[in-house]
Amino acid sequence: MKKIMSLIDVFVWNSGLNISRSMQYRFNFFTGMIITLLFTLTGPLIQYLFFTQTKGFPGWSLQQIILFQGVLLTTIGLRNTLFGTAKTQFIGLIRRGEFDRFLLRPFPPMALLLASSFSLDGIGTLIVGVVLTIYSIVKLTLTITLWQLGLFILCILFGLLLSAALDILHCSIIILTVADGGVRGIMEAYLKFSEYPLEIYTKYLKIMFMSFLPIAIFVYFPAQILLNRIDIKVLLTFGSIVVFFILSSFFWKVVLKKYTSAGG
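Just so we're aligned: 118 in numbering that gives the first Met the number 0 is position 119 of the sequence shown, and the numbers increase by one with no gaps anywhere.
Right, here's the structure in full:
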């Protein structure tokens, strides 16, 4: 427990440092945020055009899809804010031979890396996502109970746990290859599947996205919960994420033993 609290302190300190650095160049920061906001809005706009020009998505109205987009942007924003620099930072550490210093600190190296990965680049996306989600809830006249809110937050937390597990897996592969090796592209393509309702996929893909590769936790289940369409299968997804995280952590420990330091 003491180490966890210390890691939280590290996260808060690094976050404050990152914010301070960004505020030194306020014009660049706010210009970047405005550009991010405008770019982020293209997602809902594309979905709107797609929905109005086609038959849409089975079981989803246009306003419900806007809610789906709001949840999507919220989760992407959170992920990029909390773990935004993890992979690029790790690649740099490995290439420069500086990862050794993480091994000398009194914390698990991966936990320390994730605690040092705060980035303000995701704030714009997060703001748009929260505003769009609240707007959709009001527009759809949804009544959100405390039970729904609690389950929604739980889904978001499990989504962050899955994001951490994917980052751990990615960093493990980087140690083996001493490069990205195209893994980032594969993972980004995999995450793209979470940006659409499961109803458009085949039966077997649905099962896979709820169990073996549980990306349904990112957007689909949180949106369904807000729409009061709670699916008991979310429990299967929770369990799958815990297993995925444990396996990723185990793989990381195995790979870390093969790490060759800068000194050989």
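Beta carbons: idealized from backbone N, C-alpha and C, even for Gly.
> Looking only at C-alpha atoms, which of 154, 255 and 203 sits nearest to residue 314?
Replying inline: It is not possible to answer for residue 314, since the shown part of the chain is limited to 0 through 263.
> How is residue 48 classed by DSSP in three states: helix, strand or coil?
Replying inline: Counting from one through the sequence shown, the residue named residue 48 turns up at place 49. Three-state result, residue 48: helix.
>> With three or more C-beta pairs closer than 8 Å as the rule, is the region 232–250 touching the region 207–224?
In response: yes
>> Using CA atoms only, rank isn't needed, just tell me which of 168, 122 and 66 is closest to residue 251.
In response: Residue 251 sits at position 252 when you count from the first residue of the sequence shown. Comparing Cα-Cα distances from residue 251 to each of 168, 122 and 66, the minimum goes to 168.
> Excluding sequence positions up to five away, which residues of its chain have a Cβ less than 7 Å from the Cβ of residue 123?
Replying inline: Your numbering for residue 123 matches position 124 in the sequence shown. So the list reads 32, 35, 36 and 39, once near-sequence residues are dropped.
>> On the CB-based measure, 16 or more other CB atoms within 10 Å of its CB, does residue 263 come out buried or exposed?
In response: For the purposes of this step, residue 263 is taken as the residue at position 264 of the sequence shown. Unreliable positioning characterises residue 263 in this predicted model, as indicated by a pLDDT of 48, which lies under 50. A coordinate reading is not provided.
> In angstroms, rounded to a whole number, what distance separates the CA positions of residue 95 and residue 88?
Replying inline: Position 96 of the sequence shown, counted from the first residue, corresponds to residue 95. Position 89 of the sequence shown, counted from the first residue, corresponds to residue 88. Cα to Cα, the separation comes out at about 11 Å.
>> Which same chain residues end up closer than 7 Å to residue 10 when comparing Cβ atoms and leaving out the 5 residues on each side of it in sequence?
In response: Looking up residue 10 in the sequence shown gives position 11. Cβ neighbours of residue 10 beyond the five flanking positions: 114 and 117.
> If we ignore side chains and look at the alpha-carbon of each, how far apart do residue 90 and residue 67 end up?
Replying inline: On the sequence shown, position 91 is the one that residue 90 refers to. On the sequence shown, position 68 is the one that residue 67 refers to. Near 33 Å, if we compare the C-alpha coordinates of residue 67 and residue 90.
>> My output table needs one value for residue 187: the three-state DSSP class, helix, strand or coil.
In response: For this step, residue 187 is matched to residue 188 along the sequence shown. Residue 187: helix per DSSP, three-state reduction.
>> Give me the residue from 100, 171, 80 and 84 with the minimum Cα distance to residue 248.
In response: Taking the sequence shown and counting its residues from 1, one reaches residue 248 at position 249. For residue 248, the nearest C-alpha among the options comes from 171.
> Do residue 266 and residue 208 have their C-beta atoms closer together than 8 Å?
Replying inline: There is simply no residue 266 to check, as the chain begins at 0 and stops at 263 in what is shown.
> CB residue 151 to CB residue 65, shorter than 8 Å?
Replying inline: For the purposes of this step, residue 151 is taken as the residue at position 152 of the sequence shown. For the purposes of this step, residue 65 is taken as the residue at position 66 of the sequence shown. For residue 151 and residue 65, no; Cβs fall outside 8 Å.
> Tell me which same chain residues have a C-beta within less than 7 Å of the C-beta of residue 135, skipping the five on either side of it?
Replying inline: Position 136 of the sequence shown, counted from the first residue, corresponds to residue 135. Answer for residue 135: 62, 65, 66 and 69, listed in chain order.
>> Only counting the same chain, and skipping five residues up and downstream in sequence, which positions put a Cβ closer than 8 Å to that of residue 218?
In response: For this step, residue 218 is matched to residue 219 along the sequence shown. Excluding sequence neighbours, residue 218 sits near 67, 70, 71, 74, 193 and 194.
> For residue 131 versus residue 43, is the C-beta spacing smaller than 8 Å?
Replying inline: Here the question's residue 131 lines up with position 132 in the sequence shown. Here the question's residue 43 lines up with position 44 in the sequence shown. In contact: residue 131 and residue 43 (Cβ atoms closer than 8 Å).
> So the alpha helix (DSSP H) residue 221 belongs to, where does it begin and stop?
Replying inline: Working through the sequence shown from its first residue, we reach residue 221 at position 222. Run containing residue 221: 219–225, per the alpha helix (DSSP H) assignment.
>> For a quick check, are the C-beta atoms of residue 257 and residue 174 less than 8 Å apart?
In response: Here the question's residue 257 lines up with position 258 in the sequence shown. Here the question's residue 174 lines up with position 175 in the sequence shown. Yes, they are a contact pair.
>> Here's a check: name, in chain order, each residue in its chain whose Cβ is nearer than 8 Å to the Cβ of residue 230, leaving out the five neighbours to either side.
In response: Locating residue 230 in the sequence shown gives position 231, counting from the first residue. 220 and 223.
> Among the residues of its own chain, which have a CB less than 8 Å from the CB of residue 51, if the five just before and after it don't count?
Replying inline: Walking along the sequence shown from the start, residue 51 turns up at place 52. So the qualifying residues of the chain are 61.
>> For residue 19, count the other beta carbons within 10 Å of its own beta carbon; 16 or more makes it buried, fewer makes it exposed. Which is it?
In response: Looking up residue 19 in the sequence shown gives position 20. The residue in question, residue 19, is exposed, as its Cβ has fewer than 16 Cβ neighbours within 10 Å.
>> Between residue 83 and residue 121, how many whole angstroms is the CB-CB distance? I'm expecting something under 8 Å.
In response: As a working mapping, residue 83 is identified with position 84 in the sequence shown. As a working mapping, residue 121 is identified with position 122 in the sequence shown. Sure, about 5 Å apart at Cβ, within 8 Å.
> Of the choices 15, 163, 41 and 110, whose alpha-carbon is the least far from that of residue 78?
Replying inline: On the sequence shown, residue 78 is found 79 positions in, with the first residue counted as 1. Per the Cα distances, 163.
> From residue 57 to residue 197, what does the alpha carbon distance come to, in whole angstroms?
Replying inline: As a working note, residue 57 is residue 58 in the sequence shown. As a working note, residue 197 is residue 198 in the sequence shown. Straight-line Cα distance between these residues: approximately 10 Å.
>> Can you list, in chain order, the residues of its chain with a C-beta nearer than 8 Å to that of residue 148? Leave out the 5 residues immediately preceding and following it.
In response: Counting from 1 along the sequence shown, the entry for residue 148 is found at position 149. Excluding sequence neighbours, residue 148 sits near nothing in its chain.
>> Quick check: the Cα distance between residue 226 and residue 235, rounded to an integer number of angstroms?
In response: Within the sequence shown, the letter at position 227 stands for residue 226. Within the sequence shown, the letter at position 236 stands for residue 235. About 20 Å.
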